């Protein structure tokens, strides 16, 4: 019996579509969210499955690209970032120990990390296992603030190449090297051992 009135079907829920959408909007789970959204397209209603795909596909492709890049170069979020952070921490430790060194050596700065006898060995080598070089730097705006710059030859072990790393960085315009004559002048004014 046709009455001319179309019967409205109650709308159900598409749990997979909702789950795919939710996972897709949480960026770190975009890949599984996209997969769930693809599966959920076979069910009705499809709105959340479609939204999950719209959001999830670009995010999943970015995640896959970063994973491949990181695997090829190590520069994205992996090993190189960890090595840079390790070097920054080493810089903090070396500068802390150099303050103690200066107190016991008449204000003289260490020339090498090996002079810092109280410093643990792990802080004396760069993330690639080679000894750090040291350079005395000061802040341009406050020249009385002097610090040691740790210099690493980087992964290739060759000085003055593009992969060299320093803490603080050499391109940091807040710092400048302390001229050698000023280093000698300051050392001579303070007696050894006081």
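Residue numbers (the numbering used here): 33 to 226. Glycine included, every Cβ here is placed at the ideal spot set by N, Cα and C. Nothing here was measured: the structure is a model prediction, and the numbers come from that model.
Rounded to whole angstroms, the separation of the alpha carbons of residue 165 and residue 121 is 15 Å. In the DSSP assignment, residue 69 falls outside any beta strand (DSSP E) and lies within the alpha helix (DSSP H) extending over 62 to 72. At least 8 Å separates the beta-carbon of residue 167 from that of residue 190.
Residue 172 is classed as exposed because its beta carbon has fewer than 16 other beta carbons within 10 Å across all chains shown. Around residue 197, the same chain offers 116, 119, 184 and 186 as residues with beta carbons nearer than 7 Å, after the five sequence neighbours per side are excluded. In terms of Cβ geometry, residue 84 and residue 69 form a close pair [threshold 8 Å]. At a Cβ-Cβ threshold of 8 Å, residue 146 and residue 132 do not count as neighbours. Scanning its chain for C-beta atoms nearer than 6 Å, with the 5 sequence neighbours on each side dropped, one finds around residue 208 the residues 172, in chain order. Residue 56 and residue 96 do not touch by the CB rule: their CB atoms are close to 14 Å apart, not below 8 Å. Between residue 52 and residue 72, the gap from beta carbon to beta carbon is short of 8 Å.
DSSP places residue 165 in the uninterrupted beta strand (DSSP E) bounded by 165 to 171. For residue 157, the closest alpha carbon among the candidates 123, 81, 204 and 193 is that of 123. In the structure shown, residue 210 falls within a coil segment according to DSSP collapsed to helix, strand and coil.
In this structure, the straight-line span from the alpha carbon of residue 200 to that of residue 44 is close to 60 Å.
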